[in-house]
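Chemist: For the record, the sequence lines run as chains D and E. Under my numbering, the residue at position 99 of the first sequence is numbered 99, and the numbers go up by one with no gaps. So my numbering is basically just the index in the second sequence, starting at one, shifted up by 115. Shown below is the structure under consideration.
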Amino acid sequence: KQEVTQIPAALSVPEGENLVLNCSFTDSAIYNLQWFRQDPGKGLTSLLLIQSSQREQTSGRLNASLDKSSGRSTLYIAASQPGDSATYLCAVSPYYGGSQGNLIFGKGTKLSVKP
Amino acid sequence: DAGVIQSPRHEVTEMGQEVTLRCKPISGHNSLFWYRQTMMRGLELLIYFNNNVPIDDSGMPEDRFSAKMPNASFSTLKIQPSEPRDSAVYFCASSLGGENTEAFFGQGTRLTVV
Numbered sequence: 001k002q003e004v005t006q007i008p009a010a011l012s013v014p015e016g017e018n019l020v021l022n023c024s025f026t027d028s029a030i031y032n033l034q035w036f037r038q039d040p041g042k043g044l045t046s047l048l049l050i051q052s053s054q055r056e057q058t059s060g061r062l063n064a065s066l067d068k069s070s071g072r073s074t075l076y077i078a079a080s081q082p083g084d085s086a087t088y089l090c091a092v093s094p095y096y097g098g099s100q101g102n103l104i105f106g107k108g109t110k111l112s113v114k115p
Numbered sequence: 116d117a118g119v120i121q122s123p124r125h126e127v128t129e130m131g132q133e134v135t136l137r138c139k140p141i142s143g144h145n146s147l148f149w150y151r152q153t154m155m156r157g158l159e160l161l162i163y164f165n166n167n168v169p170i171d172d173s174g175m176p177e178d179r180f181s182a183k184m185p186n187a188s189f190s191t192l193k194i195q196p197s198e199p200r201d202s203a204v205y206f207c208a209s210s211l212g213g214e215n216t217e218a219f220f221g222q223g224t225r226l227t228v229v
């Protein structure tokens, strides 16, 4: 059974710092991995999607990497800003015998960027 | 496109009552997902549809939960009878389908059963 773990559960950093959020998954048979952002009381916003054949994806100050063989992904946020404060969720789309899968989520890392 | 639209945003109901949550996916998306989010368990998949057909409902907790997708632009999640432990935020998401397409989430319905 696929399990997704995110460490740390919470992180507080001063503004301007570069930071890394970690995600690990137990089964490397995945279609892709997605990183989401969730603001309090809001839905999830997709940040980056990395296909299983890819090693990384970049969008602005965000860079996500994927090491499928070791079951790990990282989300790198450069020059953090108070507006980056949110919960960041990692999710994998598991591969089940070729059928289209769903998303299995970690419990998230709550990030607080202090001015 | 307005994105995935869920209604209502908030629902407070008494134990034993029927609750119906609604979702309008993004036009053209072939896959629709219902998730539940709680502090204890995080985000859990309840059921997902592909081309209006339920593919995997193994996450539906009990027979009290049912979901339908009568057409490509509408889905419902019904709880009957509701219980306090059903209190959670319920999210609907949609995607184009296929192996590497992004899922887009609605704003969620916060359900409180008293």
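Ideal Cβ placement from N, Cα and C applies to all residues, glycine included.
Name, please, each residue of chain E whose Cβ falls closer than 8 Å to the Cβ of D:G83.
Modeler: Residues of chain E passing the Cβ test: none, with the nearest at roughly 19 Å.
Chemist: Please state whether the Cβ-Cβ distance between E:V204 and E:R179 is less than 7 Å.
Modeler: Contact: no.
Chemist: For D:L44, decide whether its Cβ has a neighbour in chain E, counting only Cβ atoms nearer than 7 Å.
Modeler: Judged by the 7 Å Cβ criterion, D:L44 is in contact with chain E.
Chemist: Exposed or buried, D:T109, counting other C-beta atoms within 10 Å across all chains shown (16 or more means buried)?
Modeler: Under this definition D:T109 is a buried residue.
Chemist: Report buried or exposed for D:T26, applying the criterion of at least 16 other Cβ atoms within 10 angstroms of its Cβ.
Modeler: Exposed.
Chemist: Using C-beta distances below 7 Å, list every residue in its chain close to E:N167, excluding the 5 sequence neighbours before and after it, in chain order.
Modeler: Cβ within range, chain order: M184, N186, A187.
Chemist: Take E:E217 and list the residues in its own chain whose beta-carbon comes closer than 7 Å to its own, dropping the five residues that flank it on each side.
Modeler: Hits under 7 Å: S210.
Chemist: Quick check: D:A86 and D:D39, are their CB atoms within less than 7 Å of each other?
Modeler: Yes; because the gap between Cβ atoms is below 7 Å, this pair is in contact.
Chemist: Assign D:G98 to one of three DSSP states: helix, strand, or coil.
Modeler: Low confidence applies here, because D:G98 scores a pLDDT of 43, under 50, leaving its location unreliable; read the following figure in that light. Reduced to three states, the DSSP call for D:G98 is coil.
Chemist: DSSP on E:G157, reduced to helix/strand/coil?
Modeler: Here E:G157 sits in strand by DSSP.
Chemist: Pull up the distance between the alpha-carbon of E:S202 and that of D:Q54, whole angstroms please.
Modeler: Whole-angstrom Cα-Cα distance: 39 Å.
Chemist: Return no unless some Cβ of chain D is closer than 7 Å to the Cβ of E:E133.
Modeler: By this cut-off, E:E133 is not an interface position.
Chemist: How many Å lie between E:F220 and E:L160 at the Cα?
Modeler: Going from the Cα of E:F220 to the Cα of E:L160 covers about 13 Å.
Chemist: CA-CA distance, E:T128 and D:S70?
Modeler: E:T128 and D:S70: Cα-Cα distance of roughly 46 Å.
Chemist: When you compare only the Cα positions, how much space is there between D:T5 and E:S173?
Modeler: C-alpha separation (whole angstroms): 21 Å.
Chemist: To be precise: take each residue of the region 155 to 175 of chain E, compare its Cβ to all Cβ atoms of chain D, and keep it if any distance is under 7 Å. Which residues remain?
Modeler: Here the close residues are G157, L158, L160, Y163, N165, D171.
Chemist: In terms of residues, what are the limits of the beta strand (DSSP E) holding D:L44?
Modeler: First-last of the beta strand (DSSP E) with D:L44: 44 to 51.
Chemist: Looking only at its own chain, which residues have a Cβ that is under 6 Å from the Cβ of E:T191, when we skip the five neighbours before and after it?
Modeler: Once the five neighbours on either side are set aside, the close Cβ partners of E:T191 are T135, R137, K183.
Chemist: What are the start and end residues of the beta strand (DSSP E) that includes D:Q38?
Modeler: Where D:Q38 is concerned, the enclosing beta strand (DSSP E) stretches over 30 to 38.
Chemist: By a C-beta neighbour count over all protein chains shown, 10 Å radius and 16 as the cutoff for buried, is E:E126 buried or exposed?
Modeler: Result: buried.
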